[in-house]
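Protein chains: 2
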Amino acid sequence: MDLLIIGSIGFDNIKTPFGKVNKILGGSAVYASVAASNFVSPTIIGVVGEDFENKYFELLKKHNIDVSQIKVEPGKTFHWEGFYDYDLNTAHTINTQLNVFSKFNPKLSYETKNTKFVFLGNIDPDLQLKIYSQIENPRLIACDTMNYWIEKKLVKLKKLLKKVDVLFINEAEIRQLTKEYNIIKSAKKVLSWGTKIVIVKRGEYGVMCFYKNKIFVLPAYPLEKVFDPTGAGDSFAGGVMGFLAYKLKNNKMLTEQVLRQSIVFGTVTASFCVEDFGINKLYNVTYRDILQRYKEIKHLIHFEMI
Amino acid sequence: MDLLIIGSIGFDNIKTPFGKVNKILGGSAVYASVAASNFVSPTIIGVVGEDFENKYFELLKKHNIDVSQIKVEPGKTFHWEGFYDYDLNTAHTINTQLNVFSKFNPKLSYETKNTKFVFLGNIDPDLQLKIYSQIENPRLIACDTMNYWIEKKLVKLKKLLKKVDVLFINEAEIRQLTKEYNIIKSAKKVLSWGTKIVIVKRGEYGVMCFYKNKIFVLPAYPLEKVFDPTGAGDSFAGGVMGFLAYKLKNNKMLTEQVLRQSIVFGTVTASFCVEDFGINKLYNVTYRDILQRYKEIKHLIHFEMI
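Protein sequence lines correspond, in order, to chains A and B.
Under our numbering, the residue at position 161 of the first sequence is numbered 161, and the numbers go up by one with no gaps.
Under our numbering, the residue at position 185 of the second sequence is numbered 1185, and the numbers go up by one with no gaps.
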C-alpha cells in the first residue's frame, strides 16, 4: 500500500454565490485520495452508512483508489451542509450530521499497519493518535486539524504534533494553536514542539512551508473562476502526500527540492478542485493537466537575478 | 531629472500594537522618494508649511533626493494621525489635517516638465490629470489612488487611467473600482480601459502584476517582525519606479524581465519600510541590503522543474 488516507467520506450540500448542489460526494478522505491518486494508489481508511451506493465505490476505484478498507456500518453516511459568501475563504456550516462517522475508530489490518506514508485527515486528535500508534514502521506521517480540536483537545493535539512529520494548517488555525499572530513565529513554535515540517495554507494567497530554519513560499495558481472552495485544503494535502509517497518510495531521502516540488503539486492539484462543485473537476483532471499548471506556475513567479 | 514623485509630505502620529510615535516625517512622496533614491535621484513635487524645519530638507537631500521643487507655503504642514490593530492590514485614520496641502496645485518648471518618469502619488485625480498634462514627453507615468477618490472622482480617475502606463492599487480598491470581486477579472477590466500595467498590492501576501495577457505573481518577503505598515505601498511604488527609471534611461526598452525585476525591488524595499516606525529603517538601508533580500526572495520561491 502506497499511502493511507484517514478521514471523512460523506455527502455535502453546498451553496456558493454561483449555484448550489445537494448530496454530492465529499469528505476529507475523498478529496485527498482523488488528489493523491494522480501520483500513487492511495488507500482510504473510513466509514460509510448503508446509503452509500455502490456507484460511489466504483467511482473511487476507477480513480486508482483502494476502497477495501472502507467500512460500511448500519446507519447513514456523514453529511455536511454549508455555504460560502463572495469572499469564498470561510465555509459557513449550516448542519453537520456525523451519523456512522461518530463511532469511527479504525483497527488497521496487517497490511495497512505496514504502510509507510500516512495522511491523518482532520479528525479527533485522540483518534489520530490511536491510528498513529498502530503504524508499525512509518516513513512519513502528516496530519491536518481545525479550530474545533484546537479548542477542545489541545493537549492531545500537541502530543500528536510532537510525533508527526508534517502538519497542514491554515493561518487562522496556527495563530489560534500557538497564540502568536505572526505566521513565522507561530510556525517556529510548532517546529520547536517536534513537528518536522509545518505547511501553512493561505487560501487564495498560496502557502508557506517551514522546515528546519528554512522557508518556502509559493503563491496560489491564479484563477479567474473560483467556484467552490470545498475540499481545497484536502486536495492540496492529498497532492503533496501523493507526490511525496511516490518520490520517497524505496527509501529515497526527502530532499528540500522534493519537498518544494510536492507543495507545488499540491497547489496545482487544489487549483483544479475549486473550479467546480465537489470533486467534479478534480476527478477529470489528468497528470498532463497538472504538469501543465506546474510549468505555468514556475513561469508566473519567475524573475531573473540582477 | 530622473524621476518625478508627486504626493504628500507631512507629519504623522502613528500607533501600532508595538508602540507609538508623534510628529514623525511621512507622506507618500517622502516614502516613495526615499525608496526610489536607492536607484536614481528622485525629485519631489510637493508642498510644506512654515513648520517644516530645515533638518527635514537636509535629511532628504542626504538621501540623494532633489528637494528644489518642494514649495514652502504660509501655514502648517500636512498632518495625519492613525492607528493599526494586530492585523496591521488596515490603517484607521483618527485625524487628517490637510493644511497647506489643501491648496496644492503645482506648476511644473521647464526642467521638471521634461522628466521622462513620473509617479503620481495618491492625490485628487483632477490634480493628477493637471500634472499629467504638463509633462511634455513622458516615457512612463504611474499613478496610485485610494477608495476616497474611487467614490468621489470616478469619472476623472477613469480618464486618468486611460492615459497612464502603470496603476498601483490594492485588492479592496481594485474591486471597488471595477465592481469585480475576482482580482484577475478586475485587472483585465482596468487594462481594457487603457492602463498598460496594473500592479495589485496584496499587503503581506505580496503582489500581482498584469500586463498584456501576462501575469507575474510574487509573495511578500516574509518578516518575523512587522512594526508599522505606514508607507509600505508608497515605498513599494517608489522602489518599482526607481528601478524602472534607472533601467529605462537612454531610451532602453521595457522588457518583461525588467518589469518583473522592478516589482521584486519594490517588494524588497517595502519589506524594510515596515520593520520600524516611519522611514527609520528604510532611510538607513543600503543597496547592498536590498540586493541581499532580492537574492533571498529568489531562493524562497525557488523550485525545480520536474
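Note that beta-carbon positions come from the ideal geometry of N, C-alpha and C, so glycine has one too.
Residue i in three-state terms, based on DSSP
i, result
"Y246 of chain A", "helix"
"Y1294 of chain B", "helix"
"N1054 of chain B", "helix"
"Q1069 of chain B", "coil"
"D144 of chain A", "strand"
"N1099 of chain B", "helix"
"M208 of chain A", "strand"
"L108 of chain A", "coil"
"F309 of chain A", "Beyond the ends of chain A as shown, which are 1 and 306, falls residue 309 of chain A; an answer cannot be given."
"I184 of chain A", "helix"
"G1046 of chain B", "strand"
"T1077 of chain B", "coil"
"N1284 of chain B", "helix"
"V1161 of chain B", "The amino acid occupying residue 1161 of chain B in the given sequence is Leu; Val does not appear at that position. Helix."
"F83 of chain A", "strand"
CA nearest to the CA of residue i, picked from the options
i, options, result
"M1 of chain A", "A:G19, A:I44, A:V34 and A:G7", "A:I44"
"F1101 of chain B", "B:T1093, B:A1036 and B:P1074", "B:P1074"
"I1306 of chain B", "A:I9, A:R260 and A:Q134", "A:R260"
"K1247 of chain B", "B:I1263, B:R1175 and B:D1234", "B:I1263"
"I279 of chain A", "A:C143, A:P229, A:N170 and A:A142", "A:P229"
"L120 of chain A", "A:L3, A:V34, A:V274 and A:N251", "A:L3"
"E1053 of chain B", "B:V1030, B:A1091, B:T1077 and B:N1213", "B:T1077"
"K1185 of chain B", "B:I1297, B:K1214, B:V1118 and B:K1116", "B:K1214"
"W1193 of chain B", "B:K1159, B:A1029, B:E1180 and B:E1171", "B:K1159"
"L254 of chain A", "A:H302, A:I197, A:K295 and A:L291", "A:I197"
Contact with chain A by residue i, beta-carbon distance below 8 Å
i, result
"F1216 of chain B", "yes"
"E1224 of chain B", "yes"
"L1300 of chain B", "yes"
"V1264 of chain B", "yes"
"G1206 of chain B", "yes"
"Q1292 of chain B", "no"
"F1101 of chain B", "no"
"Q1257 of chain B", "yes"
"N1182 of chain B", "yes"
"K1249 of chain B", "no"
Check whether residue i and residue j have beta carbons under 8 Å apart
i, j, result
"T1267 of chain B", "F1236 of chain B", "yes"
"K71 of chain A", "V47 of chain A", "yes"
"T178 of chain A", "V190 of chain A", "yes"
"Q176 of chain A", "N147 of chain A", "yes"
"N1089 of chain B", "G1203 of chain B", "yes"
"F1168 of chain B", "A1187 of chain B", "no"
"I9 of chain A", "V34 of chain A", "no"
"M241 of chain A", "A142 of chain A", "yes"
"K23 of chain A", "F11 of chain A", "yes"
"S1200 of chain B", "E1180 of chain B", "Here the sequence assigns Val to residue 1200 of chain B, which means Ser is not the residue at that position. No, the Cβ-Cβ distance between V1200 of chain B and E1180 of chain B is not below 8 Å."
"G27 of chain A", "N99 of chain A", "no"
"D1289 of chain B", "A1032 of chain B", "no"
Contacting residues, own chain, Cβ-Cβ under 8 Å from residue i (five flanking each side not counted)
i, result
"G206 of chain A", "V217, L218, P219, A220 and T267"
"D126 of chain A", "K153 and K156"
"S1068 of chain B", "T1043"
Residues near residue i by beta carbon distance below 6 Å, same chain, minus five either side
i, result
"T1096 of chain B", "W1080"
"Q1134 of chain B", "L1108 and K1113"
"F227 of chain A", "F18, E275 and D276"
"F1057 of chain B", "V1067"
"Q1128 of chain B", "L1120, C1143 and L1160"
"F1104 of chain B", "V1047"
"F243 of chain A", "F39, S262 and F265"
"I1005 of chain B", "A1029, A1032, S1033, P1042, I1044 and F1119"
Neighbour flag for residue i against chain B, beta carbons, 8 Å
i, result
"G26 of chain A", "no"
"S253 of chain A", "Before going on, a small fix: residue 253 of chain A reads as Met here, not Ser. No - not a single Cβ of chain B is within 8 Å of the one on M253 of chain A."
"I306 of chain A", "yes"
"R288 of chain A", "no"
"Y283 of chain A", "no"
"F227 of chain A", "no"
"K23 of chain A", "no"
"Q261 of chain A", "yes"
"P42 of chain A", "no"
"Y311 of chain A", "In the structure as shown, chain A starts at 1 and stops at 306, and residue 311 of chain A therefore has no counterpart that could be examined."
7 Å Cβ shell around residue i - same chain, five flanking residues per side excluded
i, result
"E111 of chain A", "M1"
"N1064 of chain B", "S1037 and S1041"
"D1124 of chain B", "W1149 and K1153"
"R293 of chain A", "Y221, V268 and S271"
"K1225 of chain B", "E1275"
"G82 of chain A", "I14, A91, H92, T93 and I94"
"A1232 of chain B", "A1270, C1273 and V1274"
"D1051 of chain B", "K1076 and T1077"
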